[in-house]
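Worksheet: the structure to be examined is printed underneath.
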Amino acid sequence: MAASATPQAQQHVERLERIWAERTGLLGWLTTTDHKRIGLLYFFTTLALLAAAGTEALLMRTQLIGPNKDVLGPHAYNELMTMHGVTMIFFVIIPMTTGAFGNYLLPLMIGARDMAFPRMNALSFWLFLASGLFIYTGLATGSAPDAGWFDYVPLASSTFSPGRGIDFYALGLIFNTVASTATAVNFIVTIFKLRAPGMSLNRMPLFCYAFLAVSFALIFALPALTVALIFLELDRRLGFHFYDPSAGGDVLLWQHLFWIFGHPEVYIIILPSFGIATSIIPTFTRRKMVAFPLVALAELLVAFIGFGVWAHHMFAVGLPTVATIYFAAASMIVVIPSAIQLFAWIMTILTGTPSFKTPLLWIVGFIVTFLVGGLSGIMFAAIPFDQQVTDTYFVVAHFHYIIAGGALFPIMAGIFYWFPKVTGRMYHERAGQWSFWLTFIGTNVTFFPMHIVGLIGMPRRQYTYPSGLGWNGYNLVETLGSYLLAVGLLVAVVNLVVSLRKGARVGNDPWGGDTLEWATTSPPPPYNYAVIPKVSSAYAMWDREDREEDARRLARGERTLQQGHETPASTVLDADWDEILDMPADSPWPITLAAATAGIFAMLLLGHYVTAAVFGAIALLVLVAWHGQEPQEA
Amino acid sequence: MSDVTRSVHATTPAAAARVASQRRALPNGWWGAALLVATEATLFACLIASYFYLYSYTTKWPPPGVERPSVALPLVLAAVLVATCVPMLLAVRAARAGRVGATAGWVALALAVQAGYLAVQIVELKDDLDSFSPRTGGAYASAYYTLLIAHHAHVLLGILMSAWLLTRLASGLTNYRVVATRVIALYWYFVAAVGVAVTLTLVSPSL
């Protein structure tokens with residue numbers, strides 16, 4: 001910060017450094033409540049899980065490289081297919097976007113010094129990590145779930161899936177939803193209450209709108225999944241009859257509950273990516289987003305309308321015609337807010353002066369693939385067409401265009417964009433562009449032929465196929481494409497790892513970015529901002545006078561809040577300064593509570609219900625200890 | 635900035651009351667609790683929707699051999715639970731005014747009634763289990779017991795939180811405890827509302 005040059009400013013910075021000094025070493029990471037450290041923990045955990053899910057995908061593609069191969073048997077194939085889907089959705093995309101990007105960036109973008117509930121934030125991470133280990137323990141012990149990521153009954157019932165695999169799935173996901181719910185609550189309260197004074201809702205970056213929408217979607221979507229999973233476990237373990245038609249139950253109840261969660265989930269997956277896109281496009285086109293209020297509203301509307309379309313996943317199960325027509329219409333309406341955003345991105349790029357550095361390239365790739373995925377998606381709203389392609393590779397092609405192109409590309413864009421902020425070093429530009437083109441071509445070569453092979457009848461979720469049906473060539477190309485895709489991602493990883501050590505050092509703001517995170521040092525200090533930033537528009541970094549005013553305030557020691565881990569709390573709409581909060585520092589309790597919770601779930605899995613109750617009591621005691629010390633006693 | 639309070643330094647009843655009266659927005663803790671309530675309410679909405687979903691696809695609900703649920707006692711109990719919202723409301727008022735004794739008194743009164751409520755409910759639950767079990771009562775029993783026990787679990791959690799609050803209030807009032815009182819009261823309002831919804835759902839086959 002330029003102002004650190006003055007001795008008075010230096011004095012204030014040094015005082016903040018002392019107050020916010022963090023424990024070093026392993027213990028520091030285990031007890032941290034710093035949102036940036038937690039974001040990094042999420043990042044590396046999800047990266048490891050992405051490697052696992054990617055390996056699973058490559059094994060499946062290798063099995064399908066030609067007809068009648070025996071790389072994998074049917075059982076192993078089903079397990080890997082299920083684990084690939086579950087991992088990518090619950091353990092890679094959501095924690096990568098909300099956990100890693102959201103945690104690291106949201107407080108920085110709104111000018112706060114931490115999340116609203118720092119210890120609960122740490123708890124979210126440790127619960128997430130434990131749930132990931134829990135479900136992968138299933139794979140390691142030969143009891144991986146194998147009924148697909150949407151786990152339909154009766155296949156998933158104890159009659160047809162007697163092993164522990166489905167229990168790992170059900171308990172692991174209930175476990176995981178606790179972590180996601182805590183994260184969502186934290187984001188909403190942080191966005192509502194911790195915005196820098198002056199950042200009224202209309203001055204909040206679009207990235208934050210996307211995360212607000214996602215958090216609300218999580219709050220209202222996850223309970224449906226939890227209920228579905230609880231019913232499943234009660235049926236499987238205690239002889240209840242929710243999904244048992246012979247005793248008045250109904251198998252379609254699972255499908256309804258699952259998709260009431262599952263469709264909002266699609267928007268939960270891609271909305272953060274929309275947020276990343278709206279951060280990157282203005283910076284690299286040197287202009288403000290076209291139609292800012294419409295884009296903000298569209299982000300919220302997508303999440304809202306997403307709750308009304310779940311049965312379009314069920315057009316082939318025989319629902320009443322009136323119901324299917326309603327859901328078909330709703331599915332067409334949900335396209336409108338997505339289209340608003342798409343047009344706004346394109347118009348911003350066309351009317352700006354784009355500079356196609358690696359992050360913007362990934363975003364353009366995202367727009368193209370998301371458009372293709374969206375166009376194949378709206379075809380499903382035509383019920384006869386949907387019934388024709390249900391359970392074929394056409395569907396696989398569609399949702400991989402959405403998830404790989406729509407969610408993964410913006411994640412890659414975000415990694416390159418914020419890499420200099422997080423590490424203080426620049427990546428290698430040429431290698432970054434290579435990784436984009438390899439991945440982009442690989443993605444299309446892998447997934448585009450799936451449209452065709454699906455239309456000519458190849459069913460999904462089959463571990464092999466016979467020769468002579470005209471599928472061989474397409475499958476060979478798809479498999480080669482998937483290797484190219486993997487090479488592209490590996491080039492990106494190598495680029496970043498090498499740049500971490502050898503990249504050119506950068507200052508606070510190498511891109512001329514538009515949002516507040518570029519105002520602080522790279523990497524940011526534990527307190528984020530020495531001075532609580534002044535905000536008078538949604539493009540705070542482009543308001544030069546405000547940033548100069550911050551520097552003067554630092555020299556005067558104004559708005560530096562140095563009596564503890566202090567951060568301002570504001571009113572919800574106008575962000576008027578309301579009070580000063582003293583945030584908790586590092587704590588041993590979040591990880592302890594996560595361990596006790598892991599004990600509960602492990603004992604439930606093993607059927608030791610009394611021991612599970614003991615772990616429950618331990619968890620309650622940990623909570624008492626957690627709240628034993630009030631903030632003012634710290 | 636001079637009129638902005640450093641809330642956490644409010645460790646006396648008078649200081650806590652001043653913070654409570656000066657604060658314009660709702661405290662972070664209240665927002666966190668409100669969102670927890672929102673997600674929990676959705677959970678109950680899904681449970682109740684599932685109950686009626688299964689109900690609507692069945693000709694005999696409850697199935698033969700299972701008695702229809704009684705109506706009078708559950709409705710009375712639900713009314714009692716709703717009535718405990720009044721002392722919780724008064725406890726919040728007292729806390730915000732910095733009156734620690736009154737706060738603890740109202741919470742304790744509510745807690746006594748809530749604990750009694752749960753005790754009667756557990757006896758009732760045992761009676762039910764003696765007459766039909768989730769294994770034998772078909773989908774009806776599955777939906778019935780899941781909904782009922784989910785509600786009781788929430789009451790139990792509320793009782794534990796209120797008891798914890800009383801131990802904290804024993805050593806005076808701080809800003810932290812004022813917010814905790816508001817949070818726990820909000821949770822009880824939610825539990826009472828859910829109690830009404832659950833009761834009406836469960837007695838519906840007898841209406």
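Protein chains in written order, with the working numbering: chain P, 1 to 634; chain W, 635 to 841. The C-beta atom is built at its ideal place from N, Cα and C for all residues, glycine as well.
Alpha carbon to alpha carbon, how far is residue i from residue j?
{"i": "alanine 775(W)", "j": "alanine 247(P)", "result": "10 Å"}
{"i": "alanine 725(W)", "j": "alanine 736(W)", "result": "7 Å"}
{"i": "valine 825(W)", "j": "methionine 458(P)", "result": "51 Å"}
{"i": "valine 720(W)", "j": "glycine 513(P)", "result": "53 Å"}
{"i": "phenylalanine 673(P)", "j": "proline 162(P)", "result": "Residue 673(P) lies beyond the range of chain P shown here (1 to 634); nothing can be said about it."}
{"i": "valine 757(W)", "j": "asparagine 809(W)", "result": "39 Å"}
{"i": "valine 610(P)", "j": "phenylalanine 766(W)", "result": "23 Å"}
{"i": "alanine 210(P)", "j": "tyrosine 691(W)", "result": "39 Å"}
{"i": "asparagine 121(P)", "j": "threonine 801(W)", "result": "26 Å"}
{"i": "tryptophan 589(P)", "j": "isoleucine 325(P)", "result": "51 Å"}
{"i": "proline 293(P)", "j": "proline 282(P)", "result": "15 Å"}
{"i": "arginine 15(P)", "j": "valine 531(P)", "result": "12 Å"}
{"i": "methionine 603(P)", "j": "alanine 753(W)", "result": "28 Å"}
{"i": "alanine 3(P)", "j": "serine 536(P)", "result": "Caution applies to alanine 3(P), whose pLDDT of 43 falls short of 50 and renders its modelled position unreliable; the model cannot decide the point."}
{"i": "isoleucine 675(P)", "j": "glycine 739(W)", "result": "Outside the displayed range of chain P (1 to 634) lies residue 675(P), so it cannot be described from this structure."}
{"i": "leucine 360(P)", "j": "glycine 772(W)", "result": "57 Å"}
{"i": "leucine 723(W)", "j": "histidine 785(W)", "result": "21 Å"}
{"i": "proline 95(P)", "j": "glutamine 748(W)", "result": "39 Å"}
{"i": "methionine 109(P)", "j": "aspartate 762(W)", "result": "55 Å"}
{"i": "methionine 1(P)", "j": "alanine 555(P)", "result": "Reliability of the predicted coordinates at methionine 1(P) is poor, the pLDDT of 44 falling under 50, and no value is obtained from them."}
{"i": "aspartate 391(P)", "j": "glycine 111(P)", "result": "47 Å"}
{"i": "glutamine 388(P)", "j": "asparagine 472(P)", "result": "21 Å"}
Quick one: list the residues of chain W neighbouring residue i, beta-carbon separation under 7 Å, in chain order.
{"i": "phenylalanine 192(P)", "result": "Trp665"}
{"i": "valine 185(P)", "result": "Gly666, Leu669, Leu670"}
{"i": "tryptophan 644(P)", "result": "The first residue shown for chain P is 1 and the last is 634, placing residue 644(P) beyond what the model contains."}
{"i": "proline 223(P)", "result": "Thr673, Thr676, Leu677, Cys680"}
Who are the neighbours of residue i on chain P, taking C-beta pairs under 9 Å?
{"i": "threonine 835(W)", "result": "Ordered by position in chain P, no residue passes the 9 Å Cβ test against threonine 835(W), which lies about 14 Å from the chain."}
{"i": "serine 805(W)", "result": "By Cβ distance, chain P contributes nothing, its closest Cβ being about 10 Å from serine 805(W), past 9 Å."}
{"i": "arginine 657(W)", "result": "Ala569, Asp578, Glu579"}
Under 8 Å by Cβ, that's how I've got residue i and residue j pegged, so tell me the actual separation to the nearest angstrom.
{"i": "leucine 820(W)", "j": "valine 671(W)", "result": "6 Å"}
{"i": "threonine 46(P)", "j": "phenylalanine 91(P)", "result": "7 Å"}
{"i": "proline 264(P)", "j": "glycine 306(P)", "result": "5 Å"}
{"i": "serine 641(W)", "j": "leucine 581(P)", "result": "6 Å"}
{"i": "lysine 193(P)", "j": "valine 572(P)", "result": "7 Å"}
{"i": "proline 449(P)", "j": "glutamate 478(P)", "result": "5 Å"}
{"i": "valine 227(P)", "j": "leucine 836(W)", "result": "That belief does not hold up - the Cβ atoms of valine 227(P) and leucine 836(W) are roughly 17 Å apart, past 8 Å."}
{"i": "alanine 658(P)", "j": "methionine 199(P)", "result": "With chain P represented from 1 up to 634, any question about residue 658(P) goes unanswered, as that position is not in the structure."}
{"i": "glycine 99(P)", "j": "tyrosine 42(P)", "result": "3 Å"}
{"i": "proline 647(W)", "j": "glycine 806(W)", "result": "7 Å"}
Could you work out which residues of chain P lie near residue i, taking near to mean beta carbons separated by less than 8 Å?
{"i": "alanine 672(W)", "result": "Ile219, Phe220"}
{"i": "cysteine 719(W)", "result": "Correct list: empty, because the minimum Cβ distance to chain P is about 23 Å."}
{"i": "leucine 688(W)", "result": "Phe242, Gly248, Gly249, Asp250, Leu253"}
{"i": "tyrosine 778(W)", "result": "Near tyrosine 778(W) there are no residues of chain P at all, since even the closest Cβ is about 11 Å away, more than 8 Å."}
{"i": "glycine 732(W)", "result": "Chain P residues near glycine 732(W): none, gap ~16 Å exceeds 8 Å."}
{"i": "serine 684(W)", "result": "Val227, Phe231, Phe242, Leu253, Leu257"}
Using a cut-off of 8 Å between C-beta atoms, extract the partners of residue i located in chain W.
{"i": "valine 624(P)", "result": "Trp798"}
{"i": "isoleucine 580(P)", "result": "Val638, Thr639, Arg640, Ser641"}
{"i": "proline 631(P)", "result": "Val642, Tyr810"}
{"i": "tryptophan 188(P)", "result": "Looking at the sequence shown, residue 188(P) is not tryptophan but isoleucine. What isoleucine 188(P) touches in chain W: Trp665, Leu669."}
Counting only Cβ pairs nearer than 7 Å, list the residues of chain P close to residue i.
{"i": "arginine 769(W)", "result": "Gly239"}
{"i": "glycine 699(W)", "result": "Those within 7 Å of glycine 699(W) in chain P number zero; the least Cβ separation is about 12 Å."}
Under 9 Å between beta-carbons, which chain W residues line up against residue i? List them in chain order, please.
{"i": "valine 309(P)", "result": "Near valine 309(P) there are no residues of chain W at all, since even the closest Cβ is about 17 Å away, more than 9 Å."}
*Are there three or more Cβ pairs, one per stretch, closer than 8 Å when the stretch 24 to 35 of chain P is compared with the stretch 438 to 453 of chain P?*
Verdict: no, contact absent.
*Output the residue ranges of the beta strand (DSSP E) runs that lie fully inside the stretch 148 to 192 of chain P and measure 3 residues or longer, sorted by chain position.*
Inside the stretch 148 to 192 of chain P, DSSP marks no whole beta strand (DSSP E) run of 3 or more residues.
*Scan the stretch 356 to 411 of chain P and note each continuous alpha helix (DSSP H) run of 4 residues or more that stays entirely inside, going in chain order.*
Runs found: 358 to 379, 383 to 389, 393 to 400.
_Touching by the beta-carbon criterion (3+ pairs, under 8 Å), the stretch 107 to 126 of chain P and the stretch 174 to 189 of chain P_ = Touching, yes, given that three or more Cβ pairs across the two stretches are closer than 8 Å.
*For the stretch 501 to 516 of chain P and the stretch 460 to 468 of chain P, state whether three or more C-beta atom pairs, one from each stretch, are separated by less than 8 Å.*
No, the stretch 501 to 516 of chain P is not in contact with the stretch 460 to 468 of chain P.
*Enumerate, from N- to C-terminal direction, the unbroken alpha helix (DSSP H) stretches of 4 or more residues contained entirely within the stretch 727 to 800 of chain W.*
Counting only runs of 4 or more, we get 734 to 765.
*Output the residue ranges of the alpha helix (DSSP H) runs that lie fully inside the stretch 270 to 339 of chain P and measure 4 residues or longer, sorted by chain position.*
Under the rule that a run must span 4 or more residues, the alpha helix (DSSP H) segments found entirely inside the stretch 270 to 339 of chain P read 292 to 305, 321 to 333.
*Would you call the stretch 165 to 179 of chain P and the stretch 143 to 155 of chain P touching, i.e. three or more CB-CB distances under 8 Å?*
Segment contact: the stretch 165 to 179 of chain P against the stretch 143 to 155 of chain P, three or more CB-CB distances shorter than 8 Å; contact assigned.
*Below 8 Å, can you find three or more Cβ-Cβ pairs linking the stretch 485 to 502 of chain P to the stretch 392 to 402 of chain P?*
The stretch 485 to 502 of chain P makes no contact with the stretch 392 to 402 of chain P, as fewer than three CB pairs between them are under 8 Å.
*Let me know the alpha helix (DSSP H) ranges lying completely inside the stretch 189 to 260 of chain P, each 4 residues or longer, listed in chain order.*
For the stretch 189 to 260 of chain P, the continuous alpha helix (DSSP H) assignments of 4+ residues that do not extend past its boundaries occur at 206 to 238, in sequence order.
_Every unbroken alpha helix (DSSP H) within the stretch 495 to 580 of chain P, with a cutoff of 4 residues, ordered by chain_ = Secondary structure remark: continuous alpha helix (DSSP H) runs of at least 4 residues inside the stretch 495 to 580 of chain P, in chain order: 544 to 556.
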